[in-house]
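Per our numbering, the sequence shown starts with residue 63, numbered consecutively. Note that beta-carbon positions come from the ideal geometry of N, C-alpha and C, so glycine has one too. Everything below concerns the one structure shown next.
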Amino acid sequence: MSFETILPQVLEPFRGVKRVALEEYFTSGHRTCQGCESALVMKLMIKAAGARTIVLGSTGCMYVANTTYYTTPWVVPWMHTQLGSSGSAALGTAAALKALMRKGKMREEPINVIAFCGDGGGADMGLSAISATLTHRDYNCLILLYDNESYANTDIQLSGMTPYGAYTTFSPAGKAKRIMHKRWKKNMAGMMAAGHPECRYVATVCASYAVDMMNKVRKALSIGGPTFIHSLDPCPKGWDYDPMFSHELGELAIQCGIFPLYEVEDGKLSFYGQTKYLVEGRTKRKPVREYLSRQGRFAHFLEEDIEYFQQKTDEMWEKWLIPGVIPFSNA
Ligand SMILES: Cc1ncc(C[n+]2csc(CCOP(=O)(O)OP(=O)(O)O)c2C)c(N)n1
Ligand code: SF4
Ligand SMILES: [Mg+2]
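Right under this line is the structure:
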């Protein structure tokens with residue numbers, strides 16, 4: 063086998079929960095909050111990828127809480143990278159593996175490279191590095207953005223992915239101004255899919271649908287080239303709810319249509335899971351109130367704020383060229 067032809071491992075999808083691998087590569091020893099969905103995403107991500115994987119992670123909760131002074135839950139090789147560098151870390155590692163194999167310093171074999179980043183590190187600070195990586199089709203690497211909708215590790219500051227109106231330490235509700243944060247959230251996966259024709263796979267996932275989530279990771283790694291996954295992760299601390307409801311809040315985000323589940327493979331879009339049912343009209347979107355009213359970060363919302371949030375969500379479904387994915391319409 064020549065180094066030029068090392069293809070990615072083909073990871074067949076897990077066909078149902080009973081077929082999921084039993085091995086754990088993200089184990090005990092981390093110190094994330096109780097109910098932290100991002101920790102679950104790490105556990106499922108590496109379970110899906112398997113042992114022959116290198117994981118890179120940018121600064122944030124999934125770095126700091128996972129590698130507190132001489133402890134780590136990672137069983138696979140893991141390396142921290144600077145806050146805005148998940149894209150460069152992924153590409154650099156993939157290129158280094160290729161070079162080492164070419165020089166005969168490593169056995170030639172497919173090794174998965176995954177770089178994860180938070181919404182602050184990925185969608186704000188590291189956007190350009192991720193974008194650059196997604197243009198290099200000769201290198202196999204997956205970038206997984208775990209989106210807890212704030213700069214959580216430094217005490218819940220506003221990010222470009224924080225939803226409209228949410229309370230953060232940078233956008234506290236006050237007497238003079240109830241809504242401090244008035245921007246609609248960035249459309250990260252849509253932007254990556256629409257803007258990177260060399261990238262063969264982009265998906266959105268939520269760990270409330272764990273098998274689907276793992277299978278998207280397996281597909282991203284099998285397909286080759288640089289790929290991108292955006293995961294929505296309920297965060298009990300930042301979103302302010304009882305940790306036991308993480309799973310339910312993830313489901314509600316999908317069922318209310320706030321976070322559509324889809325994948326774009328070789329330029330073809332497919333909705334899946336609960337989102338597919340919504341698109342096909344087999345189920346109805348739940349009112350966003352059901353999602354918002356369960357979280358303390360929206361506790362200051364008045365009726366008009368909930369209505370505005372509903373109206374903007376309706377727009378995503380009714381006015382966007384492709385519902386929840388491409389945010390403009392034909393003139
Ligand atoms: C260049 C740089 N600026 C600021 C920081 C401080 N910092 C460390 S983690 C963090 C928050 C990262 O937020 P996000 O990427 O969303 O990850 P999360 O903490 O939410 O998991 C910040 C601002 C840093 N480490 N590096
Ligand atoms: S603040 Fe949120 S993302 Fe960070 S460890 Fe706690 S629950 Fe997880
Ligand atoms: Mg974050």
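Chain-order list of residues whose beta-carbon lies under 6 Å from that of residue i (same chain, five-residue window excluded)
i: residue 264; result: 251, 254, 255, 290, 326
i: residue 213; result: 182, 219, 221
i: residue 72; result: 284
i: residue 395; result: The requested residue 395 is not part of the displayed model; the chain covers only 63 to 393.
i: residue 150; result: 191
i: residue 126; result: 215
i: residue 203; result: 152, 156, 175, 288
Any non-hydrogen atom of ligand 3 within 8 Å of residue i CB
i: residue 146; result: no
i: residue 210; result: yes
i: residue 213; result: yes
i: residue 203; result: no
CB contact below 9 Å: residue i versus chain D
i: residue 126; result: As a matter of chain content, chain D is missing from the structure shown, which is built from one protein chain.
Residue from the options with nearest C-alpha to residue i
i: residue 131; options: 149, 344, 91, 313; result: 91
i: residue 15; options: 348, 128, 121; result: One cannot answer for residue 15 here, as it falls past the ends of the chain, which runs 63 to 393.
i: residue 329; options: 311, 366, 387; result: 387
i: residue 262; options: 249, 195, 295; result: 195
i: residue 319; options: 373, 360, 276, 365; result: 373
Spatial neighbours of residue i in its chain, beta-carbon cut-off 8 Å, leaving aside the 5 residues before and after
i: residue 96; result: 298, 305
i: residue 390; result: 382, 383
i: residue 339; result: 345
i: residue 63; result: Reliability of the predicted coordinates at residue 63 is poor, the pLDDT of 44 falling under 50, and no value is obtained from them.
i: residue 134; result: 91, 92, 128, 140
heavy atom of ligand 1 below 8 Å from residue i C-beta
i: residue 46; result: In the structure as shown, the chain starts at 63 and stops at 393, and residue 46 therefore has no counterpart that could be examined.
i: residue 187; result: yes
i: residue 120; result: yes
Own chain partners of residue i with C-beta closer than 7 Å, once the 5 adjacent residues on each side are dropped
i: residue 363; result: 227, 354
i: residue 108; result: 87, 88, 115, 117, 138
Any non-hydrogen atom of ligand 2 within 8 Å of residue i CB
i: residue 300; result: yes
i: residue 133; result: no
Check your understanding: With a cut-off of 8 Å, do at least 3 Cβ pairs link the stretch 170-177 to the stretch 107-122?
Key -> yes
Exercise for review: Report yes or no: do the stretch 344-361 and the stretch 278-288 share at least 3 C-beta pairs separated by less than 8 Å?
Suggested key: no
Practice item. Check whether the stretch 187-198 touches the stretch 266-277, counting contact only when three or more Cβ pairs, one atom from each stretch, lie closer than 8 Å. Key: no
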